[in-house]
Amino acid sequence: MKELGHANRTIDLFKIDCEWCEWFTYEQWLNQDIRQILVETHNAPMPNVQDFFYKLHDAGFVIFNKEANYQNGGGGVEYGFLKLSTDFFVDGSVYDATAMK
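Here is the structure:
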């Protein structure tokens, strides 16, 4: 974000399709002021997948779209995440998704 001159700015729409890098970079996205994320995910080991969804949820993101991508043998899924105000969550706070393991 810094390299592109977007540091300390609100990002309305962040789209990323980086062929596996999503599993290693997503925590960096959470440190930014992003309102909506569009990401294509690729097969990954289960702990990485669980962490990915738990951390996005804990940051206030919810899935609003999910679509399988069958190109190149399948295995890809495109997701749309929207960051919601905590007013939309039970008791005004995001529940601890990791407690559901």
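Residue numbers are given in full-length UniProt numbering: position 100 of the sequence shown equals residue 100, and the series is strictly consecutive. C-beta atoms are modelled at their ideal positions from N, C-alpha and C, and glycine is treated no differently. Please read these numbers as outputs of a predicted model, since none were measured by experiment.
Quick one: what does DSSP say residue i is sitting in, helix, strand or coil?
i     : result
GLY60 : coil
PHE89 : coil
Compute the beta-carbon to beta-carbon distance between residue i and residue j, rounded to the nearest angstrom, for a pair I have assumed lies under 8 Å.
i     : j     : result
GLU22 : THR41 : 6 Å
Classify residue i: buried if its beta carbon has 16 or more other beta carbons within 10 angstroms, exposed otherwise.
i     : result
LEU56 : buried
ILE63 : exposed
VAL39 : buried
SER85 : exposed
PHE88 : exposed
### Query
What are the uninterrupted segments assigned as alpha helix (DSSP H) that are 4 or more residues long and contained completely in the UniProt domain "Methyltransferase" (2-83), given in chain order?
22-29, 46-58
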